[in-house]
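Chemist: Sequence positions in the sequence shown follow numbering that gives the first Met the number 0 and run 0 to 185. Using N, Cα and C, we set each Cβ at its ideal position, and we do this for glycine too.
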Amino acid sequence: MKAGALDLGEASKGLAPRGGVNKGVSILDFILRLIALIGTLGSAIAMGTTDETLPFFTQFIRFRAKYDDLPSFTFFVVANSIVSAYLALSLPLSIFHIVRSGARSSRIILIFFDTAMLALLTAGASAAAAIVYLAHKGNARANWISICQQFNSFCERISGSLIGSFGGILVFILIVILSAVAVSRR
């Protein structure tokens, strides 16, 4: 009888910490989703509102740089906006995982969609990074000059926007890893 009571006690001790760890992972998941939401939404807004106009010889002739002049930047804004909307919609499910840390099927669904959003965010940021590099450095072989010497404000904003998006990518990687750890603990 005493051996059975000991086994029951060990079993209950083994379950209690696991539930506490899963709850901690769920809380960390929620916080990381908020951080990623701020980063991706800020990136989309910063890129989407980037616009700079420079006068040329007279006040009637002007050069203008705007994010939607380049399809890569438009894709970047759309990708960050979609990921931001997804993160906002996934917050209630993340709260559900805090309350019910043992939920497994909904966490697997989140891993699937998190991975898809990570791929979309990476594609958008990578496409924009290539254009930002050309804006800063140019390409002598293709006879493209760097525009960042003239459009300083434009280049600062698009570079800052990329930093927020790549930060969101890193946070998404952590979210996927944390979710996988939480599922594997079952």
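Is N138 helix, strand or coil by DSSP?
Modeler: Within the sequence shown, numbered from 1, the residue matching residue 138 stands at position 139. The answer is strand: DSSP assigns N138 an E or B state.
Chemist: At the level of alpha carbons, what is the spacing between I97 and A115?
Modeler: For the purposes of this step, residue 97 is identified with residue 98 of the sequence shown, where counting begins at 1. For the purposes of this step, residue 115 is identified with residue 116 of the sequence shown, where counting begins at 1. Rounded to whole angstroms, I97 to A115 spans 23 angstroms at the Cα level.
Chemist: Check whether the Cβ atoms of S100 and V180 lie closer than 9 angstroms to each other.
Modeler: Looking up residue 100 in the sequence shown gives position 101. Looking up residue 180 in the sequence shown gives position 181. Not in contact: S100 and V180 (Cβ atoms no closer than 9 angstroms).
Chemist: If you run the structure through DSSP and keep just helix, strand and coil, what is A10?
Modeler: The count along the sequence shown starts at 1 and reaches residue 10 at position 11. Annotation note: pLDDT 43 at A10 (below 50); position unreliable, no value reported.
Chemist: With DSSP as the reference, identify every bridge partner of K22, one or two as the case may be.
Modeler: As a first step, residue 22 is located in the sequence shown; it is residue number 23 there, counting from the start. Paired residues: none, contrary to the question.
Chemist: Below 8 angstroms CB to CB, which residues in the same chain sit around G3 once its five sequence neighbours on both sides are set aside?
Modeler: For this step, residue 3 is matched to residue 4 along the sequence shown. In this predicted model, G3 has a pLDDT of only 46, less than 50, meaning its place in the structure is not dependable enough to derive any value.
Chemist: Could you round the C-beta distance between S83 and L117 to whole angstroms and report it? I think they count as a contact, below 8 angstroms.
Modeler: If you number the sequence shown from 1, residue 83 lands on position 84. If you number the sequence shown from 1, residue 117 lands on position 118. Their Cβ separation, rounded to whole angstroms, is 14 angstroms, which puts S83 and L117 out of contact at 8 angstroms.
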